[in-house]
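Protein chains in written order, with our numbering: chain A, 32 to 424; chain B, 32 to 424.
Ideal Cβ placement from N, Cα and C applies to all residues, glycine included.
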């Protein structure tokens with residue numbers, strides 16, 4: 032049994048950047064991870080442009096009556112040079128005409144007669160955005176490793192990157208073991224239970240940015256299990272096994288893992304729930320034996336598998352994975368040898384309240400949970416208002 | 032000019048739950064919003080089952096040698112009744128045989144001879160999960176309005192809900208106005224600029240749970256703009272317009288909105304950036320005139336449009352939309368009449384640092400931003416360590 036932080040370190044040191052880049056349409060890249068920098072193909076602004084609606088003129092002429100020589104809408108190049116005593120009516124975003132070095136805001140002007148205006152404001156400002164002030168041609172607009180959000184799509188649009196290179200999704204095999212399992216569409220017979228864990232893992236893999244490959248419920252025999260695990264390793268970057276990691280007679284998975292040359296790095300973690308979690312590697316592939324209970328499996332995926340998927344994608348995460356929030360009620364436990372993982376609900380005041388929870392098989396308890404709190408080893412009691420480490424689910 | 036909180040209230044009071052439910056495969060329902068409660072079709076556990084690997088026996092017999100009468104793997108019904116002095120070897124998750132009222136953990140037993148074991152532990156616990164202890168048949172497992180996360184997929188799997196009813200995605204039209212705009216794949220000619228805003232909005236609509244319908248760049252004439260807006264209203268639940276809401280000659284959108292019978296509820300908000308934001312309604316449809324600058328548009332979507340989409344979906348959000356985090360550096364500004372929206376980066380210590388920012392057209396500045404901080408009206412200066420309201424992007 033090793034501490035959680037050590038388990039996380041072992042997994043992160045074992046994992047590599049495993050995926051190759053692929054090009055996708057920029058709108059489809061939402062949520063993907065950039066595999067290469069995105070550079071600008073132009074200067075931004077591409078020309079000196081006005082930040083306001085108004086009249087472009089020479090700053091030196093601002094306090095005299097001005098002749099309006101043309102109207103410059105956004106999207107059209109000016110046709111005239113601005114000379115002394117002249118100005119051009121100009122719309123926000125339009126190009127500053129040659130000769131002008133400021134724009135008088137339309138609100139600060141009055142029309143004197145047809146084609147003549149005067150400034151009525153107090154002080155003259157430039158109101159010009161200079162060529163290349165935001166970004167210069169060939170500058171890096173977005174860095175490799177960025178997880179693409181809507182504002183990154185805007186940046187891609189601005190620099191003409193309509194086919195960004197993103198990391199291919201790592202292939203993650205999901206194998207469920209246990210003769211008692213049936214698929215969700217089947218009404219369980221006596222002694223059977225639906226496979227909730229396997230489908231939860233499919234959804235977790237999708238959300239983490241991986242590509243799930245569901246191998247279904249593996250027949251509970253040594254040969255069938257060995258064959259399925261071998262195939263899963265051959266075809267995927269990571270393999271997730273659920274069930275089959277406790278001490279029962281039918282739980283031969285650890286034996287098979289050894290036979291397949293999988294080096295086991297740990298087989299239990301000092302957490303509650305989720306202690307019987309196995310991690311091994313073979314040929315650069317990561318193999319996780321996750322607990323059979325959906326709640327344990329949910330948390331162990333979040334703590335161990337998700338970071339490995341993000342690393343395989345080359346993601347440079349910026350948002351912290353845990354936040355410190357105050358407890359909304361007191362918390363007590365008896366045994367303190369392990370770090371406790373508690374499903375909690377963060378309320379709209381930002382307070383953390385544990386959900387009512389029968390144990391790691393009690394998946395229904397976490398319908399309303401939106402985060403998991405980490406209670407350190409040795410801590411038996413916390414008061415309302417004490418801060419705890421919380422990971423959003 | 033109205034305060035931001037009032038603008039948000041007006042939008043939220045105007046918006047209705049507009050979408051109809053549709054059935055989807057449960058794995059595909061990830062990220063969607065439940066349109067109906069999900070009930071359990073069974074008791075969970077469906078039978079009294081063991082929480083551990085061990086020997087099922089009568090608690091009264093625990094301290095005597097026991098005869099092993101059968102082996103009960105998970106998934107198979109017991110075939111024998113446990114009588115006095117007897118036990119059955121049993122695997123985690125398997126059904127408790129009739130007669131037994133506890134399970135001795137395998138770690139707390141020893142084999143005496145073939146088919147005979149003895150308890151070596153200190154105290155006997157039940158180790159039984161009772162029928163219906165987690166959920167009872169017809170109980171509500173997931174409530175309407177839940178945004179579906181991986182742990183909800185596990186719950187659906189457990190209760191056999193493979194075709195949940197989710198809210199259809201609200202249809203959101205996106206119209207860009209401005210003759211200076213060209214699409215991202217085109218190299219802008221003199222005086223032109225790429226349409227980053229429209230594509231950012233497409234991505235924001237997708238992320239918020241809506242279905243974007245991009246109308247492209249509308250020709251900058253009154254007739255074309257009127258026709259496009261009328262079509263967008265007819266075919267969609269919401270319409271987003273970008274550009275065309277400041278004071279230039281070619282900015283006739285407010286006039287067209289009035290002609291189309293759109294009731295304007297506000298046309299500016301006391302925020303910086305994002306002041307020229309228009310909101311109107313017609314026939315229960317919501318019409319947003321968003322600022323032409325991508326940074327302003329990004330924030331105004333987040334504050335006004337996203338909540339309207341979530342309401343249309345019937346989502347009961349549980350996670351707070353803002354969190355209070357400490358500033359990592361001091362912050363100053365000159366004008367304080369408006370609430371300031373500042374793009375910030377939350378670092379791995381949970382500190383908030385404003386990103387370097389030229390103004391609302393400076394989309395490149397926010398490549399590394401992962402949140403927006405709200406600095407209240409009247410506040411000119413904040414110190415390192417002061418807490419600010421932050422919304423993750």
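Which value, in whole angstroms, describes the spacing of the CA atoms of residue 280/A and residue 379/B? Any reading at residue 280/A must be qualified, since the residue scores a pLDDT of 43, below 50, and its modelled position is unreliable; the value itself is stated next. Linking residue 280/A to residue 379/B through their CA atoms gives a straight-line distance of about 45 Å.
At least three beta-carbon pairs within less than 8 Å, the region 393-413 of chain B to the region 312-329 of chain B: yes
Alpha helix (DSSP H) segment containing residue 256/A, residue limits: 253-266
Where DSSP assigns a beta bridge to residue 311/A, which residues make up the other side? 295/A, 318/A
Are the region 257-270 of chain A and the region 214-227 of chain B in contact at 8 Å, needing three or more beta carbon pairs? The region 257-270 of chain A is not in contact with the region 214-227 of chain B.
Who are residue 362/A's beta bridge partners in DSSP? Beta bridge pairing from DSSP links residue 362/A with 413/A.
Enumerate in chain order the residues of its own chain whose CB-to-CB distance from residue 408/B is below 7 Å, with the five nearest sequence positions on each side excluded. 301, 367, 368, 369, 370
Identify, in the order they occur along the chain, each residue of the same chain with its Cβ nearer than 6 Å to the Cβ of residue 199/B, setting aside the five sequence neighbours on each side. 50, 51, 53
At 7 Å on the CB atoms, spell out the chain A contacts of residue 365/B, in chain order. Residues of chain A passing the Cβ test: none, with the nearest at roughly 13 Å.
What is the DSSP secondary structure of residue 229/A, counted as helix, strand or coil? helix
With DSSP collapsed to three states, give me the class of residue 420/B. The answer is strand: DSSP assigns residue 420/B an E or B state.
Does residue 78/B pass the burial test, meaning 16 or more other C-beta atoms within 10 Å, or should it be called exposed? buried
In whole angstroms, give me the CA-to-CA distance for residue 217/B and residue 191/A. A straight-line Cα-Cα distance of about 7 Å links residue 217/B and residue 191/A.
Against chain B, which members of the region 403-418 of chain A pass a CB distance test of less than 8 Å? none
Where the alpha helix (DSSP H) containing residue 182/B begins and where it ends: Counting along the chain, residue 182/B sits inside the alpha helix (DSSP H) bounded by residues 181-189.
By DSSP, does residue 387/B sit in helix, in strand, or in coil? In the structure shown, residue 387/B sits in coil (DSSP, three-state: anything other than H, G, I, E or B).
Within a Cβ cutoff of 8 Å, which residues of the same chain sit near residue 244/B, ignoring the five residues on either side of it in sequence? Excluding sequence neighbours, residue 244/B sits near 202, 203, 204, 205, 263, 266, 267.
If the cut-off is 8 Å on Cβ atoms, which residues from the region 102-116 of chain B count as contacting chain A, listed in chain order? The residues in question are 102, 104, 105, 106, 107, 108.
What does residue 81/A pair with, by DSSP beta-bridge criteria? 159/A
Segment contact flag, the region 294-313 of chain A with the region 328-337 of chain A, C-beta cutoff 8 Å, min 3 pairs: Yes, since at least three Cβ pairs between the region 294-313 of chain A and the region 328-337 of chain A fall closer than 8 Å, the two stretches touch.
Check whether residue 404/A and residue 386/A have beta carbons under 7 Å apart: no
Quick one: Cα of residue 178/A to Cα of residue 195/A, how far? 12 Å
Regarding residue 409/A and the ligand SAM, is the C-beta to nearest heavy atom distance less than 6 Å? No copy of the ligand SAM occurs in the structure displayed, which carries no ligand at all.
Cross-chain neighbours of residue 393/B in chain A, by beta carbon under 7 Å: 165
Contacting residues, own chain, Cβ-Cβ under 6 Å from residue 236/A (five flanking each side not counted): 203, 243
On the DSSP letters alone, give me the boundaries of the alpha helix (DSSP H) that residue 36/B sits inside. 35-45
Under 7 Å from the C-beta of residue 237/B: neighbouring residues of chain A: 61
Strictly under 7 Å for the Cβ-Cβ distance: is residue 85/A near chain B by that measure? no
Step through the CB atoms of chain A and report whether any lies within less than 7 Å of the CB of residue 193/B. yes
Of all the options 308/A, 273/A, 317/A, 299/A, which has the alpha carbon lying nearest to the alpha carbon of residue 291/A? 317/A
Hey, residue 46/A and residue 402/A: beta-carbon distance below 7 Å or not? For residue 46/A and residue 402/A, no; Cβs fall outside 7 Å.
Shortest alpha-carbon distance to residue 169/B belongs to which of 234/B, 70/B, 127/B? 70/B
Closer than 7 Å by beta-carbon distance: list the chain A residues that pair up with residue 225/B, in chain order. 188, 189, 191
Ordered along the chain, which non-local residues of its own chain (more than five positions away) have a Cβ less than 6 Å from that of residue 165/B? Non-local beta-carbon contacts of residue 165/B in its own chain, meaning distances under 6 Å to residues more than five positions away in sequence, involve 75 in chain order.
For the region 241-274 of chain B, list every residue whose C-beta sits within 8 Å of some C-beta in chain A, in sequence order. 251
Flag this pair as touching only if the region 119-130 of chain B and the region 84-93 of chain B have three or more C-beta atom pairs under 8 Å; answer yes or no. yes
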